[in-house]
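K.L.:
Numbering (the working numbering), first residue to last: 2 to 287. Glycine residues also receive a C-beta, built at the ideal position from the N, C-alpha and C atoms. All figures in this text were calculated on a predicted structure; none of them were measured in a lab. Submitted below is the structure of interest, expressed as structure tokens.
And the structure:
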């Protein structure tokens with residue numbers, strides 16, 4: 002009971018980080034569900050998709066009103082990410098894909114997100130000379146869009162596998178390969194994340210049992226946090242927040258890896274044992 006109460010309180014914090022930073026905060030939902038609220042990893046990943054999807058829609062509303070959503074990009078890039086999210090969820094439900102593997106992959110994604118967030122915060126000052134309303138590359142190459150498709154598929158598969166929204170990868174892909182303005186990239190990524198969450202959840206339905214009361218309660222708490230964070234974002238420096246949050250993600254990723262170190266070692270031992278048995282049988286046959 003105490004774990005649930007603490008989890009809901011932390012869910013508000015997840016929402017606040019989403020409201021302040023626009024993306025990245027949702028990645029904390031999974032470790033809270035697993036390590037604080039005691040929910041099995043595969044179930045927690047499916048629940049995270051619901052939480053991230055709803056939070057993204059809330060963050061999307063003001064972006065949509067300002068005209069910062071590029072529907073053409075959503076159709077081109079989003080169609081591949083949604084396909085990938087559904088496939089990733091289906092892959093995650095296969096018998097040989099263990100929860101240990103998914104948690105390891107999630108921790109690696111956290112490390113990547115933390116590194117990108119720290120790097121971008123340090124580069125933000127130099128990028129202030131470029132208007133956030135203009136494309137970074139003024140001479141777009143029409144064939145650059147082709148590279149968006151496989152990248153979108155990969156991001157979608159990761160979304161389905163580990164439940165992360167992938168905004169830290171979607172935004173730079175849209176800016177550098179799609180050549181759309183930064184503001185549009187942020188708004189467009191929120192809609193893509195929401196659609197990915199729907200596709201990923203569809204891949205999990207019927208394969209895992211979702212605790213809907215906890216999911217709904219967590220989502221409502223996170224939604225409250227989003228509203229609070231959106232108000233606070235007008236009062237604080239986002240650049241310093243991004244850097245601090247990046248280091249915080251780094252610490253959480255290390256803790257997740259340490260928490261599952263014994264599980265990873267057992268998994269490696271099982272793999273080595275299987276390889277030894279296979280080699281022994283092959284030698285005996287010969």
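State the CB to CB distance for the pair residue 224 and residue 54, rounded to an integer number of angstroms; the pair is presumed to be in contact (CB under 8 Å).
P.N.:
As a first step, residue 224 is located in the chain shown; it is residue number 223 there, counting from the start. As a first step, residue 54 is located in the chain shown; it is residue number 53 there, counting from the start. Between residue 54 and residue 224 the Cβ distance is about 11 Å, and since that is not below 8 Å, they are no contact.
K.L.:
Based on Cα-Cα distance, which residue from 34, 109, 112 and 157 lies nearest to residue 7?
P.N.:
By one-based count along the chain shown, residue 7 stands at place 6. Ranking 34, 109, 112 and 157 by Cα distance to residue 7 puts 34 first.
K.L.:
So residue 161 and residue 85 are in contact, right, with Cβ under 8 Å, and what is the actual spacing, rounded?
P.N.:
Against the chain shown, residue 161 aligns to sequence position 160. Against the chain shown, residue 85 aligns to sequence position 84. Rounded, the Cβ-Cβ distance is 7 Å, consistent with contact.
K.L.:
Output the boundary residues of the alpha helix (DSSP H) element that contains residue 208.
P.N.:
Numbered from its first residue, the chain shown carries residue 208 at position 207. No alpha helix (DSSP H) holds residue 208; DSSP gives it neither H nor E.
K.L.:
Assuming the contact rule is C-beta atoms closer than 8 Å, residue 45 and residue 59 should be a hit. Round their C-beta distance to whole Å, please.
P.N.:
Taking the first residue of the chain shown as position 1, residue 45 is located at position 44. Taking the first residue of the chain shown as position 1, residue 59 is located at position 58. The Cβ separation is near 21 Å, so there is no contact.
K.L.:
Three-state secondary structure (DSSP) at residue 280?
P.N.:
Position 279 of the chain shown, counted from the start, is the residue given in the question as residue 280. With a pLDDT of 49 at residue 280, under the threshold of 50, the modelled position of this residue cannot be trusted; read the value that follows with caution. Reduced to three states, the DSSP call for residue 280 is helix.
K.L.:
Under the rule that 16 or more other beta-carbon atoms within 10 Å means buried, what is residue 289, buried or exposed?
P.N.:
In this structure the chain extends from 2 to 287, so residue 289 is not present and cannot be described.
K.L.:
In or out: residue 120 buried (at least 16 other Cβ within 10 Å) or exposed?
P.N.:
Translated into positions along the chain shown, residue 120 becomes position 119. Exposed: under 16 other Cβ atoms inside 10 Å.
K.L.:
If you run the structure through DSSP and keep just helix, strand and coil, what is residue 95?
P.N.:
Here the question's residue 95 lines up with position 94 in the chain shown. Three-state DSSP puts residue 95 in coil, outside helix and strand.
K.L.:
Please work out which residues of its chain come closer than 6 Å, Cβ to Cβ, to residue 222, disregarding the five sequence neighbours upstream and downstream, and give them in chain order.
P.N.:
Taking the chain shown and counting its residues from 1, one reaches residue 222 at position 221. For residue 222, where only same-chain residues beyond five positions count, the Cβ hits under 6 Å are 9, 12 and 13.
K.L.:
Please classify residue 111: does DSSP put it in a helix, a strand, or coil?
P.N.:
Counted from its first residue, the chain shown places residue 111 at position 110. Reduced to three states, the DSSP call for residue 111 is helix.
K.L.:
What do you get for residue 252, buried or exposed, if any count of 16 or more other CB atoms within 10 angstroms of its CB means buried?
P.N.:
Here residue 252 corresponds to residue number 251 of the chain shown, with the count starting at 1. Under this definition residue 252 is an exposed residue.
K.L.:
Give a yes or no on whether the C-beta atoms belonging to residue 233 and residue 20 are separated by under 9 Å.
P.N.:
Counting from 1 along the chain shown, the entry for residue 233 is found at position 232. Counting from 1 along the chain shown, the entry for residue 20 is found at position 19. Cβ distance < 9 Å, so residue 233 and residue 20 count as in contact.
K.L.:
Which residue comes first and which comes last in the alpha helix (DSSP H) that contains residue 175?
P.N.:
Indexing the chain shown from 1 puts residue 175 at position 174. Segment 168-177, the alpha helix (DSSP H) holding residue 175.
K.L.:
Quick check on DSSP: helix, strand or coil for residue 197?
P.N.:
The residue you call residue 197 lines up with position 196 of the chain shown. Helix at residue 197.
K.L.:
Ends of the alpha helix (DSSP H) at residue 61?
P.N.:
Numbered from its first residue, the chain shown carries residue 61 at position 60. It spans 42-66 - the alpha helix (DSSP H) in which residue 61 sits, taken as one unbroken run.
K.L.:
Do residue 261 and residue 106 have their beta-carbon atoms positioned less than 9 Å apart in this structure?
P.N.:
Within the chain shown, numbered from 1, the residue matching residue 106 stands at position 105. Within the chain shown, numbered from 1, the residue matching residue 261 stands at position 260. No, Cβ-Cβ distance for residue 106 and residue 261 is not below 9 Å.
K.L.:
Nearest-angstrom Cα distance between residue 93 and residue 152?
P.N.:
The residue you call residue 93 lines up with position 92 of the chain shown. The residue you call residue 152 lines up with position 151 of the chain shown. So the alpha carbons of these two residues sit roughly 19 Å apart.
K.L.:
For residue 210 versus residue 56, is the C-beta spacing smaller than 9 Å?
P.N.:
Along the chain shown, one-based indexing puts residue 210 at 209. Along the chain shown, one-based indexing puts residue 56 at 55. No. Outside cutoff.
K.L.:
Pop quiz: residue 118 and residue 246 are said to be a contact at Cβ under 8 Å. What is the actual Cβ separation, rounded to whole angstroms?
P.N.:
In the chain shown, the residue the question calls residue 118 occupies position 117. In the chain shown, the residue the question calls residue 246 occupies position 245. Indeed, because the Cβ distance is near 6 Å, the residues count as touching under 8 Å.
K.L.:
How big is the Cα-Cα spacing for residue 244 and residue 250?
P.N.:
Within the chain shown, the letter at position 243 stands for residue 244. Within the chain shown, the letter at position 249 stands for residue 250. If I take the Cα positions, the gap works out to 10 Å.
K.L.:
Taking Cβ to Cβ, would you say residue 78 is nearer than 9 Å to residue 229?
P.N.:
Mapped onto the chain shown, residue 78 falls at position 77. Mapped onto the chain shown, residue 229 falls at position 228. No; because the gap between Cβ atoms is not below 9 Å, this pair is not in contact.
K.L.:
Tell me whether residue 116 sits in a helix, a strand or coil according to DSSP, three-state version.
P.N.:
Here residue 116 is taken as the residue at index 115 of the chain shown, counted from 1. Residue state, collapsed to three classes: helix.
K.L.:
Use the C-beta contact count for residue 130: other C-beta atoms within 10 angstroms, 16 or more gives buried, fewer gives exposed.
P.N.:
Locating residue 130 in the chain shown gives position 129, counting from the first residue. For residue 130, the predicted model reports a pLDDT of 44, less than 50, meaning its position is unreliable and no value from the coordinates is stated.
K.L.:
Could you give the distance in angstroms between the alpha-carbon of residue 83 and the alpha-carbon of residue 242?
P.N.:
As a working mapping, residue 83 is identified with position 82 in the chain shown. As a working mapping, residue 242 is identified with position 241 in the chain shown. Computed Cα separation, rounded: 30 Å.
K.L.:
At a cut-off of 8 Å, is residue 20 close to the ligand HEM when judged by its beta-carbon and the heavy atoms of the ligand?
P.N.:
Because no ligand of any kind appears in the structure shown, any question about the ligand HEM cannot be addressed here.
K.L.:
Around the C-beta of residue 52, are 16 or more other C-beta atoms found within 10 angstroms, so that it is buried, or is it exposed?
P.N.:
For the purposes of this step, residue 52 is taken as the residue at position 51 of the chain shown. Classification of residue 52: buried, given that the 10 Å Cβ count is 16 or more.
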